[in-house]
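Undergrad: The structure's right below; bear with me while I get my questions together.
Number of protein chains: 2
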Amino acid sequence: MSFRDRLEVCARFTPGAYRPLIIAGCPLGRVTHAFASSLQNYPDVFTVYEHAVTLSPNFKTVEARTEAVAGVLEDLKEKGLIPGWRGEHYAISESFYDAPLLTVERAAVPYLGTMGYGVHLNGYVHKDGDIHMWIGKRSMQKPTGPGKLDQMVAGGQPVGISIWDNLIKECGEEAGMARDIAEKAVPAGTISYLTEQEDRLRHDVIFNYDIEVPSDFEPQPTDGEVDAFYLWPIKDVMDRIRSTDDFKYNAALVIIDFAIRHGALGPEEPEYILINEALRLGRAGENSVR
Amino acid sequence: MSFRDRLEVCARFTPGAYRPLIIAGCPLGRVTHAFASSLQNYPDVFTVYEHAVTLSPNFKTVEARTEAVAGVLEDLKEKGLIPGWRGEHYAISESFYDAPLLTVERAAVPYLGTMGYGVHLNGYVHKDGDIHMWIGKRSMQKPTGPGKLDQMVAGGQPVGISIWDNLIKECGEEAGMARDIAEKAVPAGTISYLTEQEDRLRHDVIFNYDIEVPSDFEPQPTDGEVDAFYLWPIKDVMDRIRSTDDFKYNAALVIIDFAIRHGALGPEEPEYILINEALRLGRAGENSVR
Chain A
2 MSFRDRLEVC
12 ARFTPGAYRP
22 LIIAGCPLGR
32 VTHAFASSLQ
42 NYPDVFTVYE
52 HAVTLSPNFK
62 TVEARTEAVA
72 GVLEDLKEKG
82 LIPGWRGEHY
92 AISESFYDAP
102 LLTVERAAVP
112 YLGTMGYGVH
122 LNGYVHKDGD
132 IHMWIGKRSM
142 QKPTGPGKLD
152 QMVAGGQPVG
162 ISIWDNLIKE
172 CGEEAGMARD
182 IAEKAVPAGT
192 ISYLTEQEDR
202 LRHDVIFNYD
212 IEVPSDFEPQ
222 PTDGEVDAFY
232 LWPIKDVMDR
242 IRSTDDFKYN
252 AALVIIDFAI
262 RHGALGPEEP
272 EYILINEALR
282 LGRAGENSVR
Chain B
2 MSFRDRLEVC
12 ARFTPGAYRP
22 LIIAGCPLGR
32 VTHAFASSLQ
42 NYPDVFTVYE
52 HAVTLSPNFK
62 TVEARTEAVA
72 GVLEDLKEKG
82 LIPGWRGEHY
92 AISESFYDAP
102 LLTVERAAVP
112 YLGTMGYGVH
122 LNGYVHKDGD
132 IHMWIGKRSM
142 QKPTGPGKLD
152 QMVAGGQPVG
162 ISIWDNLIKE
172 CGEEAGMARD
182 IAEKAVPAGT
192 ISYLTEQEDR
202 LRHDVIFNYD
212 IEVPSDFEPQ
222 PTDGEVDAFY
232 LWPIKDVMDR
242 IRSTDDFKYN
252 AALVIIDFAI
262 RHGALGPEEP
272 EYILINEALR
282 LGRAGENSVR
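From first to last, the protein sequence lines stand for chains A and B. Residues in the first sequence are numbered consecutively from 2, following my numbering. Residues in the second sequence are numbered consecutively from 2, following my numbering.
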């Protein structure tokens, strides 16, 4: 087992298994051939071609696109084709910084193969001359990665809230962290990946944040999404990432990135350059790990 | 002007302008058609095909390959085709962590288009509640980037010395830094790029290090490679990188990476994701900036 295994899990992609999903003329998603077949039942909304699926150009506004697609997705949910409904919408746009073309239920994003965004917060303290990280254990009730280890705080990025406000909100909800502590979080870069997980396609960019919490702070499970928190020396965290798949696939990447930035993983590691290059890929055709 | 300009300068590549240089069966470099023509004069060492140049398989050891290629390069130097001779050898290998197949004069590396490696050290202090960075001004006598702004310490990675020992040595030579201070440097990741610079091809991986120096430490120009050192607030450094090309092309990338890791450049920057992804590319065909 090696860090490379953790990277490869985040770069699983089957060429030929998808058709581009074209929205307002842009290829913004990827759907499996099976999902494309399901969309054939909604010809007023989607046109299913052999090599692509397009959203009807008749819907010309964010509201019209959102409403039309929501009707289809609700129907597919009733048919059991979209499990794990969240009741939370993600934006679909040409890039994160562009205005949304439409918004869709979060659970549908990996079926549409459109991009998702998230905020992950590495919580740490300096103790006994070394970095110790706060690690969360995800609830067994989570629709994705139940029981897996994760960052102290991690959440998806829904529409209608800024990244920063979302981070502060998640700090309170997931770890019982007061706003005045949470506001000490510092942005530290992004990681990205395109990978098949649990038969769905995850194409995400994660905004990483670090926070050195006070030594007397202990995160508290608050909203039921985290079962427990542990404080482990970074060496133990890294050993566990290297030798097990206990961590959620994307949480492992976020921690490897943290370890690189804080010098806990250095050039003596023979996969160092490969790991550095792999952490920030994630675009189609560029996410292979050499 | 934008940070994107700094990235694009590090991703200049003319498709079709090179032939692969094959060494021991591996495509490890890229030579221009003009340089390939020059190599036709040494048929015992190089075989020049229309679409590739190969090093003769008759040389079967590191020593034999090194000696044969050195003879050719010395001759090309005499003809004025390889300026800026360093008297320092770089390793050529399948990857940084593999044993060298041969070593070559450093000045020849961008003509052979083989990979180079370097160590760059971000020196900084916390002052007035903000990060201030030590910036070096390169001597006008440097063969590359004369007069450009640079990291406090930066150097190529020759054969026969570890990355760490090279860093400590450069700290002493370039900035007059005592070993006990230099040893506080911490590895912080790599950046990589493939780019045409001054009619040569630079395909490098840089090992980044950070060091928070004591507030009373002042780097001293020692070996004539640096003319002066300045201590600037990181905001001023970033403004200068965004709006001028005063910094050496690769030094700008190293600082942008530093600013991201330390939260001085965050998600509010509309090119944030693009910058994150571009910093660690640098492989053929994957170094385009979208």
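A virtual CB, placed ideally from N, CA and C, is assigned to each residue, including glycine.
Return the first residue and the last residue of the beta strand (DSSP E) that lysine 185(B) is part of.
TA: Numbered from its first residue, the second sequence carries residue 185(B) at position 184. Careful: lysine 185(B) lies outside any beta strand (DSSP E) and carries neither H nor E.
Undergrad: Using a cut-off of 9 Å between C-beta atoms, extract the partners of phenylalanine 208(B) located in chain A.
TA: Residue 208(B) sits at position 207 when you count from the first residue of the second sequence. Those within 9 Å of phenylalanine 208(B) in chain A are Gly267, Pro268, Tyr273, Ile274.
Undergrad: Where does the unbroken beta strand (DSSP E) through threonine 104(A) begin, and where does it stop?
TA: Residue numbering aside, residue 104(A) sits at position 103 when the first sequence is read from its first letter. Looking at the DSSP string, the run of the beta strand (DSSP E) that includes threonine 104(A) is 103-106.
Undergrad: Nearest chain A C-beta to phenylalanine 97(B) closer than 9 Å, yes or no?
TA: Residue 97(B) sits at position 96 when you count from the first residue of the second sequence. For phenylalanine 97(B), the answer is yes, since a Cβ of chain A falls inside 9 Å of its Cβ.
Undergrad: Using the beta-carbon of each residue, which ones in chain A are nearer than 7 Å to proline 188(B)?
TA: Taking the first residue of the second sequence as 1, we reach residue 188(B) at position 187. What proline 188(B) touches in chain A: Gly264, Gly267, Pro268.
Undergrad: By the criterion of Cβ-Cβ separation under 8 Å, what are the contact partners of isoleucine 261(A) in chain B?
TA: Translated into the one-based positions of the first sequence, residue 261(A) becomes position 260. What isoleucine 261(A) touches in chain B: Pro188, Ala189, Gly190.
Undergrad: Kindly indicate which three-state DSSP category alanine 25(A) falls into: helix, strand or coil?
TA: Taking the first residue of the first sequence as position 1, residue 25(A) is located at position 24. Three-state result, alanine 25(A): coil.
Undergrad: What's the C-alpha gap between phenylalanine 97(A) and threonine 191(A)?
TA: To locate residue 97(A), count along the first sequence from 1; it is residue 96. To locate residue 191(A), count along the first sequence from 1; it is residue 190. Roughly 13 Å separates the two Cα atoms.
Undergrad: Do the region 163-172 of chain A and the region 104-124 of chain A meet, that is, are 3 or more Cβ pairs less than 8 Å apart?
TA: With the cut-off at 8 Å, the region 163-172 of chain A and the region 104-124 of chain A touch.
Undergrad: In terms of residues, what are the limits of the alpha helix (DSSP H) holding arginine 262(B)?
TA: The sequence position of residue 262(B) within the second sequence is 261, counting from 1. Segment 250-262, the alpha helix (DSSP H) holding arginine 262(B).
Undergrad: Report the option in His133(B), Phe36(B), Val49(B), Leu102(B) whose CA atom is closest to the CA atom of glutamate 68(B).
TA: For the purposes of this step, residue 68(B) is taken as the residue at position 67 of the second sequence. Closest by alpha carbon: Leu102(B).
Undergrad: List, from N- to C-terminal side, the beta strand (DSSP E) runs of 3 residues or more that fit wholly inside the region 32-65 of chain A.
TA: Within the region 32-65 of chain A, the complete beta strand (DSSP E) runs of at least 3 residues are 47-49, 54-56.
Undergrad: Quick one, are the C-beta atoms of isoleucine 235(B) and alanine 260(B) less than 9 Å apart?
TA: As a first step, residue 235(B) is located in the second sequence; it is residue number 234 there, counting from the start. As a first step, residue 260(B) is located in the second sequence; it is residue number 259 there, counting from the start. Yes, the pair counts as a contact, with Cβ atoms nearer than the cut-off.
Undergrad: Thinking just about the alpha-carbon of each residue, which of Val73(A), Lys61(A), Pro58(A), Arg31(A) is nearest to the one in glutamine 41(A)?
TA: Along the first sequence, read from residue 1 onward, the residue named residue 41(A) stands at position 40. Of the candidates Val73(A), Lys61(A), Pro58(A), Arg31(A), the one whose C-alpha sits nearest the C-alpha of glutamine 41(A) is Val73(A).
Undergrad: Quick check: the Cα distance between proline 215(A) and glycine 177(A), rounded to an integer number of angstroms?
TA: Counted from its first residue, the first sequence places residue 215(A) at position 214. Counted from its first residue, the first sequence places residue 177(A) at position 176. Those two C-alpha atoms are separated by around 14 Å.
Undergrad: Compare the beta carbon distance of methionine 2(A) and serine 244(A) with 9 Å and say whether it is the shorter of the two.
TA: Within the first sequence, numbered from 1, the residue matching residue 2(A) stands at position 1. Within the first sequence, numbered from 1, the residue matching residue 244(A) stands at position 243. In contact: methionine 2(A) and serine 244(A) (Cβ atoms closer than 9 Å).
Undergrad: Comparing the C-beta of isoleucine 164(A) with each C-beta of chain B, is any distance below 9 Å?
TA: As a working note, residue 164(A) is residue 163 in the first sequence. Yes, isoleucine 164(A) lies at the interface with chain B (some Cβ there is under 9 Å from its Cβ).
Undergrad: Verify the CB distance criterion: does aspartate 151(B) have a CB-CB separation below 9 Å to chain A?
TA: For the purposes of this step, residue 151(B) is identified with residue 150 of the second sequence, where counting begins at 1. Taking Cβ atoms only, chain A never reaches closer than 9 Å to aspartate 151(B), which makes this a no.
Undergrad: Taking 7 Å as the limit between beta carbons, can you name the residues of its chain near lysine 78(A), skipping five residues before and five after?
TA: Position 77 of the first sequence, counted from the start, is the residue given in the question as residue 78(A). For lysine 78(A), where only same-chain residues beyond five positions count, the Cβ hits under 7 Å are Trp86.
Undergrad: Measure the Cβ-Cβ separation of glycine 124(A) and isoleucine 24(A) and say whether it is below 9 Å.
TA: On the first sequence, residue 124(A) is found 123 positions in, with the first residue counted as 1. On the first sequence, residue 24(A) is found 23 positions in, with the first residue counted as 1. No, the Cβ-Cβ distance between glycine 124(A) and isoleucine 24(A) is not below 9 Å.
Undergrad: Note the first and the last residue of the continuous beta strand (DSSP E) segment covering glycine 137(A).
TA: By one-based count along the first sequence, residue 137(A) stands at place 136. Run containing glycine 137(A): 131-139, per the beta strand (DSSP E) assignment.
Undergrad: Roughly how many angstroms separate the alpha carbons of valine 187(B) and glutamate 226(B), rounded to a whole number?
TA: By 1-based counting over the second sequence, the position of residue 187(B) is 186. By 1-based counting over the second sequence, the position of residue 226(B) is 225. When rounded, the distance between both Cα atoms is 23 Å.
Undergrad: Under a three-way DSSP split, which group does arginine 180(B) fall into?
TA: Here residue 180(B) refers to the residue found at position 179 of the second sequence. DSSP places arginine 180(B) in helix when its eight states are reduced to three.
Undergrad: Which same chain residues, not among the five before or five after serine 57(B), have their C-beta less than 8 Å away from its C-beta?
TA: Sequence index remark: in the second sequence, residue 57(B) carries index 56 (1-based). If we look at serine 57(B) and ignore the five residues flanking it on each side, its Cβ neighbours are Asp45, Val46, Phe47, Thr48, Ala69.
Undergrad: Can you give me the Cβ contacts of alanine 229(A) inside the same chain, cut-off strictly under 8 Å, excluding the 5 residues immediately before and after it?
TA: Locating residue 229(A) in the first sequence gives position 228, counting from the first residue. So the list reads Gly137, Lys138, Pro222, once near-sequence residues are dropped.
Undergrad: Give me the Cα-Cα distance between aspartate 205(A) and asparagine 59(A), rounded to the nearest whole angstrom.
TA: Working through the first sequence from its first residue, we reach residue 205(A) at position 204. Working through the first sequence from its first residue, we reach residue 59(A) at position 58. Cα to Cα, the separation comes out at about 29 Å.
Undergrad: Measure the C-alpha to C-alpha separation of alanine 285(B) and leucine 195(B) and round it to an integer number of angstroms.
TA: Within the second sequence, residue 285(B) is the residue found at index 284, counting from 1. Within the second sequence, residue 195(B) is the residue found at index 194, counting from 1. Residue placement at alanine 285(B) is poorly supported in this model, since its pLDDT is 31, which falls under 50; the coordinates still yield a value, given next. Alanine 285(B) and leucine 195(B): Cα-Cα distance of roughly 7 Å.
Undergrad: Put methionine 239(A) into one of helix, strand or coil per three-state DSSP.
TA: Here residue 239(A) is taken as the residue at index 238 of the first sequence, counted from 1. Looking at methionine 239(A) - three-state DSSP - the assignment turns out to be helix.
Undergrad: Where do the ends of the alpha helix (DSSP H) carrying arginine 201(B) lie?
TA: Stepping through the second sequence from its first residue, residue 201(B) is reached at position 200. Premise fails: arginine 201(B) lies in the beta strand (DSSP E), 201-213, not in any alpha helix (DSSP H).
Undergrad: Whose C-alpha, out of Asp131(A), Gly30(A), Ser140(A), is nearest the C-alpha of proline 111(A)?
TA: Your numbering for residue 111(A) matches position 110 in the first sequence. Among Asp131(A), Gly30(A), Ser140(A), the Cα nearest to that of proline 111(A) is on Gly30(A).
Undergrad: Is there at least one Cβ from chain A nearer than 9 Å to aspartate 131(B)'s Cβ?
TA: As a working note, residue 131(B) is residue 130 in the second sequence. No, its Cβ sits nowhere closer than 9 Å to a Cβ of chain A.
Undergrad: On a CA-only basis, which of Asp151(A), Asp129(A), Gly157(A), Ser38(A) is nearest aspartate 246(A)? Give me that one, please.
TA: By 1-based counting over the first sequence, the position of residue 246(A) is 245. Measuring from the Cα of aspartate 246(A), the nearest candidate turns out to be Asp151(A).
Undergrad: With 16 as the cutoff for other CB atoms within 10 Å, does glycine 17(A) come out buried or exposed?
TA: Taking the first sequence and counting its residues from 1, one reaches residue 17(A) at position 16. Exposed is the call here.
Undergrad: Classify glycine 1(A) as helix, strand or coil using the three-state DSSP reduction.
TA: Lying outside 2 to 291, the shown extent of chain A, residue 1(A) is not represented and no answer is given.
Undergrad: Pull up the distance between the alpha-carbon of glutamate 106(B) and that of glycine 88(B), whole angstroms please.
TA: Taking the second sequence and counting its residues from 1, one reaches residue 106(B) at position 105. Taking the second sequence and counting its residues from 1, one reaches residue 88(B) at position 87. Using only the alpha carbons, I get a separation of about 6 Å.
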